[in-house]
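If you read the sequence shown in our numbering, its first letter stands for residue 1, the second for the next number, and so on. Here's the structure we're looking at; comments come further down.
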Amino acid sequence: MLGALSIITVLISIIFFFIVRGPNANLTLGISVFTVLSVLGIIFAITSKKLWFIITGIILNGAVLVFAYLLLLAMGISET
Numbered sequence: 001m002l003g004a005l006s007i008i009t010v011l012i013s014i015i016f017f018f019i020v021r022g023p024n025a026n027l028t029l030g031i032s033v034f035t036v037l038s039v040l041g042i043i044f045a046i047t048s049k050k051l052w053f054i055i056t057g058i059i060l061n062g063a064v065l066v067f068a069y070l071l072l073l074a075m076g077i078s079e080t
């Protein structure tokens with residue numbers, strides 16, 4: 001069950017990205033949501049019992065976490 005939740009957090013992140021995108025998107029909200037969801041997904045993946053969910057959940061949620069970091073970096077560059 002926890003392994004499926006780790007995959008669901010990735011799907012929620014993707015859906016959130018497509019809903020909130022645009023020129024007037026609140027980047028701080030997006031970064032916060034992506035970070036919280038990916039950390040929760042990684043925790044769910046680690047506590048899962050099946051190896052497939054562990055590997056897939058960590059890779060996919062890690063990709064979301066890297067995307068959130070790149071958004072944070074882009075936000076910092078655009079302010080200067």
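Just so you know, even glycine gets a beta-carbon here, dropped at the ideal spot from N, CA and C.
- Annotated three-state conformation of M75 is helix, per DSSP.
- By the beta-carbon neighbour count (other beta carbons within 10 angstroms, threshold 16), V10 is buried.
- If you look at A45, you'll find it in the alpha helix (DSSP H) that goes L27 to T47.
- In this structure, the straight-line span from the alpha carbon of L27 to that of G62 is close to 19 Å.
- With 16 or more other Cβ atoms inside 10 Å of its own Cβ, I54 counts as buried.
- In this structure, S13 sits near S38, with a CB-CB distance shorter than 8 Å.
- Listed in chain order, the non-local C-beta contacts of L2 below 7 Å within the same chain comprise F44, T47 and S48, local neighbours out to five positions each way being set aside.
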